[in-house]
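Quick note: the sequence shown uses our numbering, first residue 6, plus one each step.
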Amino acid sequence: MDQQHENDEYASITIPLLIGEGNISGDPSTKAKAGHDNVDSVSPGGSTSFYRTCLNVVNALSGIGILALPYALAAGGWLSLIFLFVIASCAFYTALLIQRCMDMDSKIKSFPDMGERAFGT
6 MDQQHENDEY
16 ASITIPLLIG
26 EGNISGDPST
36 KAKAGHDNVD
46 SVSPGGSTSF
56 YRTCLNVVNA
66 LSGIGILALP
76 YALAAGGWLS
86 LIFLFVIASC
96 AFYTALLIQR
106 CMDMDSKIKS
116 FPDMGERAFG
126 T
């Protein structure tokens, strides 16, 4: 029964340490020792800009791809490298087709505009 109570202690939801004081004890000297001098500059209210959010998402996805690609190629062998180039070529050709469609008419600004031009209303 004691084992059940110990597991319940770890299952509770706690407030992240970055919100508020930045450390458990509230002592500013421990915050400086830990190397978290700018913890108070983090605002918990979601005040980041759209540009910075997009940049963070692209950064995270690029990092995942850069780290996973060598392992994927090592596990898949030469055939996976060929598939990588085939898929990249298809994506490049698709981008060229989209550019050609958008250059045909100056009114086309988005995908729905392309669909309306191609298939009518």
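All residues carry an ideal CB built from backbone N, CA and C; glycine is no exception.
Suppose the cutoff is 6 Å on Cβ atoms and the five residues either side in sequence are ignored; what does the same chain contact list for residue i look like?
| i | result |
| --- | --- |
| residue 107 | 113 |
| residue 119 | 106 and 113 |
| residue 39 | Any reading at residue 39 must be qualified, since the residue scores a pLDDT of 49, below 50, and its modelled position is unreliable; no value is offered. |
| residue 91 | none |
Tell me which residues share the same chain as residue i and place their Cβ nearer than 8 Å to its Cβ, disregarding the 5 neighbours each side in the sequence.
| i | result |
| --- | --- |
| residue 77 | 85 |
Kindly list the residues whose CB is nearer than 7 Å to the CB of residue i, restricted to its own chain and excluding five residues on each side of it in sequence; keep chain order.
| i | result |
| --- | --- |
| residue 80 | none |
| residue 110 | 122 |
(Q) Runs of 4 residues minimum, wholly inside the stretch 44 to 116: which ones carry the alpha helix (DSSP H) assignment? (A) Whole alpha helix (DSSP H) segments, 4+ residues: 55 to 81 and 83 to 109.
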